[in-house]
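Each protein sequence line maps, in turn, to chains D and U.
Under our numbering, the final residue of the first sequence carries the number 233; numbering is consecutive throughout.
Under our numbering, the final residue of the second sequence carries the number 1233; numbering is consecutive throughout.
Using N, Cα and C, we set each Cβ at its ideal position, and we do this for glycine too.
All figures in this text were calculated on a predicted structure; none of them were measured in a lab.
2 protein chains.
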Amino acid sequence: MAGQPQRIAQTLRQQIFDGSHAAGARLAEIPLAEALGVSRTPVRLALAQLEAEGLILAAPGGGFLVRRFTLAEVEDAIAVRGQLEGMAARLLAEQGLSPAARHALDACLAAGDEALGAPTLDAAALASYGEMNDRLHAIILAGSGNAALARALGAVTALPFAAASALVPHEGSRAARHELLRHAHRQHHLLVEALAAGQGTRAEALMREHAENARHNLRLILAAGEATIIHPA
Amino acid sequence: MAGQPQRIAQTLRQQIFDGSHAAGARLAEIPLAEALGVSRTPVRLALAQLEAEGLILAAPGGGFLVRRFTLAEVEDAIAVRGQLEGMAARLLAEQGLSPAARHALDACLAAGDEALGAPTLDAAALASYGEMNDRLHAIILAGSGNAALARALGAVTALPFAAASALVPHEGSRAARHELLRHAHRQHHLLVEALAAGQGTRAEALMREHAENARHNLRLILAAGEATIIHPA
DNA sequence: ATGTAACGGATTGCATGCAATCGCCGGCCG
DNA sequence: CGGCCGGCGATTGCATGCAATCCGTTACAT
């Protein structure tokens, strides 16, 4: 049972994302500890971790506040993700795709083609696409072989809706989402092509542009009114 | 007295950097608490923060180990810093230098010229250059107006010798260091020129290359045998 | 002699106690 | 009637207690 703070932090993250703790709300230790059935000590550890991730801010006079994110901040985070994932793609292209990596990426492309093939997306296909998307991005990141890059990326994708996996979940306009995913997956194909050809600069540019999809998706989400902690200031 | 964990974390960072805690050494709570004259609770908070920064790793069976950094890892971190600071420079160039920013950067350039002007560098000039260097990089980062970028950069420069300010401190060959600093400052001039001209891509490329100085400096440090936690594996 | 299993010490991790601090409300004075 | 001061409640932050776990050691059996 070595990970009680981890579990608590995950629970709080979830609750912040789904709106159980509204933006700007104060997080006090005692109510949280009671609600979760643990003591204040692990709760404090979890809060410290969330503060390090940037999800909450230390309040004047102690305690923490759920941070409010503006649309501009999330868009900035998405741009940084593009810059970092672009670097990963460039590094991978420059050092050459291993046969194993090539095979894994091709499998991702095929899985994406399969998931998006139907005229309309059902929940299973959507989940499948999301899993594939995560895997593809993870392969490129790992393939770059740069641990510092992974750390920096983690610091940025801790923000809600900044991660690549945030492409999928919204409900908004289903047709618009399908179109967006088709476009994104076409970019996946081009990206793998560039990686396999050792075209580092092209791979970097493609990946940077690929991240812009998240911006469009974010606007769809906001238009649908589903984001609870983003403020389009 | 609201920041005891912060103070402890800073002390531990210092002790890790100067070798008081060797790489691979185990950090136990009780000895640390006794040595610092505090209880185990704030020590635990400080250790959690250092773990989040990546300086220490959770050991199997509890406790923490001082992380060992290989030369390759630090070089990777430097490359990531170049990518991120390059982005900051590009953003700043694209949105245009404000008169205030232009003035502040010119002041940095002048201060650097002054510090490096003498045929040999004394300690005061070195400190002055270091302060100027920090300021210049901070101005560019702040000028980009991208908070996520600052966060990602912070995650990377937490590693020893990866930050821009790591250019200065080593003793090694004084002549080589002076030459390195002159070269770096010449790049500062070019960089400000590109920023003022709105040349985003040029500014980004210059900044990326500028970070490579840290790699050369790192090798000088290693050659002088001053790095205690870097392992040239 | 070697492998195994049980014992002992040490350390972590969580729970709780206690003092200090901060914000807030009511009352009092100008 | 408004502003200021004092006391009160709540909350944080640190210290310590206690149980659980893990590692190392040793004794024993094969």
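Item: is_contact[Leu1032(U), chain D] using C-beta, thresh 7 Å; Value: no
Item: Exposed unless 16 or more other CB atoms sit within 10 angstroms - verdict on Val1005(U); Value: Residue 1005(U) is actually Pro in this sequence, not Val. Result: buried.
Item: Short CB-CB distance (under 7 Å) between Ala1077(U) and chain D; Value: yes
Item: Cut-off 8 Å between Cβ atoms - residues of its own chain near Thr1201(U), not counting five sequence neighbours on either side; Value: Arg1090
Item: Leu126(D) CB to nearest heavy atom of the ligand MG below 6 Å; Value: Of ligands this structure carries none, so the ligand MG is not represented either.
Item: Met1(D) - DSSP class collapsed to helix/strand/coil; Value: No answer about Met1(D) holds up, because its pLDDT of 46 lies below 50 and its placement is not dependable.
Item: Simplified DSSP state of Phe1064(U), which is helix, strand or coil; Value: strand
Item: Rounded C-alpha distance that separates Met1001(U) from Ala28(D); Value: Annotation note: pLDDT 47 at Met1001(U) (below 50); position unreliable, no value reported.
Item: Against chain U: residues of the stretch 36-51 of chain D by CB proximity under 9 Å; Value: Thr41, Arg44, Leu45, Ala48 and Gln49
Item: Residue-level contact to chain D via CB, Ile1149(U), 7 Å cutoff; Value: It is Leu, not Ile, that sits at residue 1149(U) in the sequence shown. So yes, Leu1149(U) belongs to the interface.
Item: Cross-strand partners of Ala58(D) (DSSP beta bridge); Value: Phe64(D)
Item: Phe69(D) (DSSP reduced to helix, strand or coil); Value: strand
Item: His1210(U) - containing alpha helix (DSSP H), residue span; Value: Gly1200 to Ala1224
Item: Opening and closing residue of the alpha helix (DSSP H) in which Ala1028(U) lies; Value: Ala1028(U) -> no alpha helix (DSSP H), and no H or E assigned at all.
Item: Contacting positions in the stretch 1190-1218 of chain U - beta carbon closer than 7 Å to chain D; Value: none
Item: Host alpha helix (DSSP H) of Leu105(D) (start-end); Value: Pro99 to Gly117
Item: Short-range partners of chain U found in the stretch 153-166 of chain D, where Cβ spacing is below 8 Å; Value: Leu153, Gly154, Ala155, Val156, Leu159 and Ala162
Item: Within-7 Å CB hit, Asn1133(U) to chain D; Value: no
Item: Rounded C-alpha distance that separates Ala127(D) from Arg1174(U); Value: 59 Å
Item: Beta-carbon proximity of Leu1195(U) to Leu1092(U), cut-off 7 Å; Value: yes
Item: Where Asn133(D) sits in the DSSP three-state scheme; Value: helix
Item: Cα-Cα separation between Ser39(D) and Arg1040(U), rounded to whole angstroms; Value: 17 Å
Item: Continuous alpha helix (DSSP H) stretch holding Ala1048(U): start and end; Value: Arg1040 to Glu1053
Item: Proximity of Arg81(D) and Ala155(D) at Cβ, strictly below 7 Å; Value: no
Item: Cβ distance (whole Å) where Ala190(D) is taken to contact Leu206(D) below 8 Å; Value: In the sequence on display, residue 190(D) carries Leu and not Ala. Yes, they are in contact, since the Cβ atoms of Leu190(D) and Leu206(D) sit about 6 Å apart, within 8 Å.
Item: Proximal chain U residues relative to Gly54(D), where beta-carbon distance stays under 7 Å; Value: Arg1151
Item: Residues near Ala1152(U) in its chain [Cβ-Cβ closer than 7 Å; skip 5 each side]; Value: Leu1084
Item: CB-CB length for Gly166(D) against Ala214(D), believed under 8 Å; Value: Note on identity: in this sequence residue 166(D) is Ala, with Gly being the wrong assignment. So it is a contact: roughly 6 Å between Cβ atoms.
Item: Ala1163(U) - containing alpha helix (DSSP H), residue span; Value: No alpha helix (DSSP H) contains Ala1163(U), which DSSP labels as neither H nor E.
Item: Residues near Ser1098(U) by beta carbon distance below 8 Å, same chain, minus five either side; Value: Gly1143
Item: Cα-Cα separation, His185(D) to Asp134(D); Value: 12 Å
Item: Residue-level contact to chain U via CB, Gln95(D), 7 Å cutoff; Value: no
Item: Proximity to Asn1217(U) [Cα-Cα], best of Glu1051(U), Ile1078(U) and Ala1088(U); Value: Ile1078(U)
Item: Residues that Leu71(D) contacts on chain U, provided the C-beta gap is smaller than 7 Å; Value: What Leu71(D) touches in chain U: nothing, since even the nearest Cβ is about 13 Å away.
Item: Neighbouring residues, chain U, relative to Val66(D) (Cβ below 9 Å); Value: What Val66(D) touches in chain U: nothing, since even the nearest Cβ is about 17 Å away.
Item: Inter-residue spacing [alpha-carbon to alpha-carbon] between Gln14(D) and Leu50(D); Value: 12 Å
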